[in-house]
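The sequence shown begins at 8 in the working numbering and counts up by one.
All residues carry an ideal CB built from backbone N, CA and C; glycine is no exception.
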Amino acid sequence: MDQKKFESMLVLLVPQIIQLMINEYLYDEITASKEFYGSKVYELLEEEDTKLWHLSALTLFHMFDEEKNTGSFSFPEEA
């Protein structure tokens, strides 16, 4: 996938994940953004070759939630 298409996928996915965080944790948008951008899930999502961008926003949110609650996360079978 070329870089522009990959970046477009991130532009679509990240706001959805942040909205899920706002709804679940009652964060404001800035807090949710900072937490997500600082997560290992986001770090791996940014790497095109991990193919995490293939996952749904909800699946990525659950991975983030697992990381937040346990300090680590597992890759879903669909990954």
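For the pair M70 and L59, the Cα-to-Cα distance works out to about 11 angstroms.
Across the structure, K41 and D35 are spaced so that their CA atoms are roughly 10 angstroms apart.
Rounded to the nearest whole angstrom, the C-alpha separation of E74 and E84 is 17 angstroms. For I25, the closest alpha carbon among the candidates T77, L67 and G78 is that of L67. Taking V18 as reference, the option from S46, S81 and E53 with the minimal CA-CA separation is E53. Counting along the chain, the unbroken alpha helix (DSSP H) around F43 starts and ends at E36 to Y44. Distance from the CA atom of K47 to the CA atom of K12, rounded to whole angstroms, is 22 angstroms. By the neighbour-count criterion, in which 16 or more other beta carbons inside 10 Å mark a residue as buried, F82 falls on the exposed side.
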